[in-house]
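Novice:
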Amino acid sequence: MSLLSLPCQRLTLAILAPDQAELESDFYQRNQRHLAPWSPIRTTEYFSTEQIRRRLEIQASAYEAGLAMHFALLTPDGQQMIGACNFSGIIRGAFQACYLGYHIDHAHQGQGLMQEGLEAGIGYMFDTQNLHRIMANYMPGNERSARLLERLGFEREGYAKAYLNIAGRWQDHVLTALVNPLFETPEKRWSRQLA
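Per the working numbering, the sequence shown starts with residue 4, numbered consecutively.
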């Protein structure tokens with residue numbers, strides 16, 4: 004049974020328990036080639052059920068400590084993982100922020116499922132975890148990510164040269180962020196109302 008489940012219209016967002024490692028292993032093995040251009044280089048062992056079980060144990064501890072929320076996007080029956088969205092690097096204190104990463108199964112692209120999952124996840128991070136800011140960064144050529152983040156209300160804040168080592172080389176990234184509407188300045192709220 005998942006540690007946390009957030010039902011959506013067409014999927015369920017869930018923080019997987021270690022005994023659900025097979026779901027995640029199956030997802031990554033099905034999508035290894037599809038995700039390779041957007042991911043660090045990984046060994047095949049990285050996607051094994053045993054390695055994933057160990058990572059899920061660490062992620063469960065991070066969830067309980069409020070340090071990260073690693074969500075799987077599951078089919079409504081919970082029998083297949085079709086994507087992931089991770090809210091990691093949570094910093095409290097004066098910052099109250101985290102980083103967002105996400106990916107979806109090659110067979111489920113272009114159906115609005117990632118947007119649906121991210122809307123639920125962002126709502127949870129803002130409303131339940133009381134975060135102020137969520138940061139998401141994407142490679143300049145990743146037009147799908149750019150459009151998705153724009154639809155979700157993320158705003159471009161900068162450009163980082165050689166930001167992450169993806170697919171074996173250091174890649175530039177566009178830096179974006181979404182601020183919790185509860186914490187917007189009056190000027191920002193006013194400009195949104197005028198738009």
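Even glycine gets a Cβ: it sits at the ideal position worked out from N, Cα and C.
1. Does Phe98 come out as helix, strand or coil in the three-state DSSP assignment?
2. Using CA coordinates, which residue listed in Gly156, Phe186, Pro143 is at the minimum distance from Ala163?
3. Suppose you measure from the CA of Tyr141 to the CA of Pro43; what does that come to, to the nearest Å?
4. In whole angstroms, give me the CA-to-CA distance for Ser194 and Leu178.
5. Out of Met72, Gly120, Met84, state which residue places its alpha-carbon closest to the alpha-carbon of Ile94.
6. Name, in chain order, the residues that DSSP records as bridge partners for His106.
7. In the DSSP assignment, find the beta strand (DSSP E) that holds Arg136 and state where it starts and stops.
8. Using C-beta distances below 8 Å, list every residue in its chain close to Ala20, excluding the 5 sequence neighbours before and after it, in chain order.
Specialist: Straight from the coordinates:
1. coil
2. Pro143
3. 14 Å
4. With a pLDDT of 44 at Ser194, under the threshold of 50, the predicted position of this residue should be treated as unreliable, though the coordinate-derived value follows. Those two C-alpha atoms are separated by around 22 Å.
5. Met72
6. Ala87
7. 136–141
8. Met4, Ser5, Leu6, Leu59, Ala63
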